[in-house]
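What follows is one structure encoded as structure tokens, with my remarks underneath.
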Amino acid sequence: MAKKKKKEVKVNFNTSWEYAPAPESKDHVRLKDRYDLFINGKFTAPVSGKYFDTINPATEKKIAEVAEAGTDDVQLAVKAARNSYEHTWSKMPARERSKYIYRIARAIQERAREFAVIESMDGGKPIRESRDVDVPLAAAHFFYYAGWADKMDYVAPGKKVHALGVAGQIIPWNFPLLMAAWKIAPAIASGNTVVLKPAETTPLTALKLAEIIQESGLPDGVVNIITGAGATGAAMVHHPDINKIAFTGSTDVGKIIQRAIAGTQKKYTLELGGKAANIIFEDAAIDQAVEGIINGIFFNQGHVCCAGSRLFVQESVSDIVIRKLKDRMETLIVGDPLDKNTDIGAINSKDQLDKIKQYVKIGVNEGGDCYQSSCAIPSKGYFFRPTLFTNVSQSSRVVQEEIFGPVLAVQTFRTVEEVIEKANNIPYGLSGGVWTDKGSKIFKVTSQLRAGVIWANTYNKFDPTSPFGGYKESGMGREGGLHGVLPYVEIEN
Ligand code: NDP
2 MAKKKKKEVK VNFNTSWEYA PAPESKDHVR LKDRYDLFIN GKFTAPVSGK YFDTINPATE
62 KKIAEVAEAG TDDVQLAVKA ARNSYEHTWS KMPARERSKY IYRIARAIQE RAREFAVIES
122 MDGGKPIRES RDVDVPLAAA HFFYYAGWAD KMDYVAPGKK VHALGVAGQI IPWNFPLLMA
182 AWKIAPAIAS GNTVVLKPAE TTPLTALKLA EIIQESGLPD GVVNIITGAG ATGAAMVHHP
242 DINKIAFTGS TDVGKIIQRA IAGTQKKYTL ELGGKAANII FEDAAIDQAV EGIINGIFFN
302 QGHVCCAGSR LFVQESVSDI VIRKLKDRME TLIVGDPLDK NTDIGAINSK DQLDKIKQYV
362 KIGVNEGGDC YQSSCAIPSK GYFFRPTLFT NVSQSSRVVQ EEIFGPVLAV QTFRTVEEVI
422 EKANNIPYGL SGGVWTDKGS KIFKVTSQLR AGVIWANTYN KFDPTSPFGG YKESGMGREG
482 GLHGVLPYVE IEN
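What follows is the structure, encoded as structure tokens:
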């Protein structure tokens, strides 16, 4: 029997509304001109004597200068962490440890507004996202793992569990405070001490967190935060007295780290790149799915390892979906990250902007059809319009490689089997999305997609109780939930 054609209901986005500027105030933010390293509970000038600038990507103006930790500084930080582990933290009753972690969680909540503004200034993300996602989730991670501290006996019932010692943690620039929370909270809750290095372009909220940690009275040396570039991270990776490396960042650097620690006793977790398939079936609620596509790729300017950067639309609805998607893209406001109306803020750095532009050129040269929203973008700062490619093939580089920007590659499919094969035909395996009104189809597709996290009829939902991590070149190990504790402990058999 011939299928009845779905009647298209057009959502009218063109309301001719003009939004007046709604900037978040910066008056309450306390920032120093210069930040030192946070080692052994104190802010300490670097032995290297070097500092670098951190700039606001929306204005290209310097916000502050930040210490660059050299190998001697890494040595001091590791020594402080070891000393604190041996003499204080590992000796402290677990319920006492948890009190400090709860205190840090509450202090983040108390200073949430300040954290949100600084996150948006330093990294370029819209204030709506730093206010509603990054900061509350960071606090939630500390709350959640504070609860684990005195429950280590239940991590592996019947077995003895103990901490590893000193964890070296290296984080990227896309979720600076949240990644610091993901790393620090499970590590210290399970009795380890840490040395954490934020990314070069976004060090400020980690340093603000250091202030909170200092105020919380956490014993000196439990958390050390050292700033610097790739060389600082490499010095941590090679340090012989670090027991575990936790890394989030690019697959290329993940491979360098894996090679560097091969043959040593160090444990490691790697949370690397992704190129997620967001799959829209013809029976999906199309308008909701379009919102999910927008959220999947344009959240945080597309600087998201689990971004839904490959869209698969069932052929029978591809015209409607793409038309509605383009209509919706036209409504996105690109601009000042501190404005509450902004949907897409600034690209994190000039390097990243250049990389995105390069990929768009590659996509066009490969024969893809490029569509960009016609919105205005500020003349100063690093901004990029929401972009999508159609007429791309499975082998196109914009389909296979992680762009880490607001660029979506759209493909179509006919059958469930076809889309599963296409979705899995990629070096990555971090995340995915499925949109359909059939529960059975959700179970079939999600059980066959090779991805660590898969959302059904939603996208980009995060929760501290839920494990997150990937397969294949997306890394190994899980963060979040009980799974997030396991890489920080030794289980005696
Ligand atoms: P990197 O992987 O280089 O950065 C991640 C972290 O590792 C940063 O703190 C970085 O320091 C540090 N680092 C860099 N080199 C080394 C090294 N040899 N040893 C130890 N640590 C090191 O990512 P980039 O910032 O360079 O971004 C490049 C690309 O990576 C992006 O375009 C994007 O595609 C991808 N990316 C993916 C992320 C993800 O979560 N999947 C996150 C970030 C980037 P520093 O920043 O100071 O150089």
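Here the working numbering is used: the first residue of the sequence shown is 2, the next is one more, and so on. Virtual Cβ for every residue (Gly too), placed ideally from N, Cα, C.
Shortest alpha-carbon distance to residue i belongs to which of the options?
i           : options               : result
residue 73  : 465, 282, 38 and 416  : 38
residue 479 : 460, 454, 459 and 493 : 454
residue 54  : 203, 40 and 176       : 203
residue 428 : 449, 413 and 403      : 403
residue 300 : 267, 29 and 125       : 125
residue 377 : 392, 343, 400 and 389 : 343
residue 221 : 90, 412 and 406       : 90
residue 212 : 42, 195 and 242       : 42
residue 317 : 302, 256, 283 and 292 : 283
residue 281 : 68, 311, 332 and 21   : 311
residue 201 : 246, 177, 469 and 336 : 177
residue 197 : 173, 219 and 216      : 173
residue 465 : 255, 185, 439 and 215 : 185
residue 97  : 237, 272, 217 and 56  : 217
In angstroms with no decimal places, state the Cα-to-Cα distance between residue i and residue j.
i           : j           : result
residue 88  : residue 151 : 19 Å
residue 128 : residue 375 : 23 Å
residue 182 : residue 140 : 8 Å
residue 168 : residue 112 : 27 Å
residue 77  : residue 395 : 49 Å
residue 417 : residue 451 : 15 Å
residue 119 : residue 442 : 43 Å
residue 471 : residue 249 : 11 Å
residue 252 : residue 431 : 12 Å
residue 85  : residue 149 : 20 Å
residue 397 : residue 135 : 33 Å
residue 179 : residue 476 : 19 Å
residue 165 : residue 490 : 5 Å
residue 116 : residue 419 : 45 Å
residue 457 : residue 21  : 36 Å
residue 270 : residue 246 : 7 Å
residue 474 : residue 401 : 12 Å
residue 2   : residue 438 : With a pLDDT of 47 at residue 2, under the threshold of 50, the modelled position of that residue is not reliable, and no figure is offered here.
residue 192 : residue 205 : 26 Å
residue 481 : residue 331 : 36 Å
residue 153 : residue 170 : 21 Å
residue 337 : residue 410 : 26 Å
residue 1   : residue 483 : An answer regarding residue 1 cannot be provided, because it is not within the stretch 2 to 494 covered by the chain.
Is it the case that the CB of residue i approaches a heavy atom of the ligand MG more closely than 7 Å?
i          : result
residue 72 : No copy of the ligand MG occurs in the structure displayed; its ligands are the ligand NDP alone.
CB-CB under 7 Å to residue i, same chain, minus the five flanking residues each way: which ones, in chain order?
i           : result
residue 297 : 279, 308, 309, 434, 460 and 461
residue 147 : 99, 102, 103, 106 and 190
residue 25  : 118, 128, 339 and 341
Considering only residues of the same chain and omitting the five flanking positions on each side of residue i, which have a CB-CB separation below 6 Å?
i           : result
residue 70  : 38, 47, 227, 229 and 233
residue 157 : 492
residue 367 : 397
residue 565 : Because the chain in this structure spans residues 2 to 494, residue 565 falls outside the shown range and cannot be described.
residue 1   : No statement about residue 1 is possible, as the shown extent of the chain runs from 2 to 494 and does not include it.
residue 468 : 479, 481, 482 and 484
Spatial neighbours of residue i within its chain, please: CB distance less than 8 Å, with the 5 preceding and 5 following residues excluded, ordered by chain position.
i          : result
residue 52 : 35, 66, 67, 68 and 69
Problem set entry | Three-pair Cβ contact test at 8 Å for the region 283–290 versus the region 365–373 | Contact between the region 283–290 and the region 365–373 is absent: fewer than three C-beta pairs spanning the two stretches fall below 8 Å.
Exercise. When the Cβ atoms of the region 39–59 are set against those of the region 224–244, are three or more pairs found closer than 8 Å?
Worked result: Contact between the region 39–59 and the region 224–244 is present, because at least three Cβ pairs lie under 8 Å.
For this session: Just list the beta strand (DSSP E) runs in the region 137–180, keeping only unbroken ones of 3 residues or longer that don't cross its boundaries, in chain order.
Result: Listed in chain order, the complete beta strand (DSSP E) runs (minimum 3 residues) inside the region 137–180 are 161–164 and 167–171.
Problem set entry | Whole runs of the beta strand (DSSP E) within the region 361–422, excluding any shorter than 3 residues | DSSP runs (the beta strand (DSSP E)) wholly in the region 361–422: 370–373, 388–391 and 408–414.
Exercise. Are three or more beta carbon pairs between the region 335–355 and the region 384–401 nearer than 8 Å?
Worked result: Result yes; three or more Cβ-Cβ pairs closer than 8 Å.
For this session: Specify whether the region 93–109 and the region 55–66 touch according to this definition: at least 3 beta carbon pairs, one from each stretch, less than 8 Å apart.
Result: Judged by Cβ distances under 8 Å, the region 93–109 makes no contact with the region 55–66, as fewer than three pairs qualify.
Exercise. So, do the region 349–363 and the region 23–37 have three or more beta carbon pairs nearer to each other than 8 Å?
Worked result: Judged by Cβ distances under 8 Å, the region 349–363 makes no contact with the region 23–37, as fewer than three pairs qualify.
Exercise. Can you give, in chain order, each stretch of the beta strand (DSSP E) that sits fully within the region 203–257 and has at least 3 residues?
Worked result: You should have 224–226 and 245–249.
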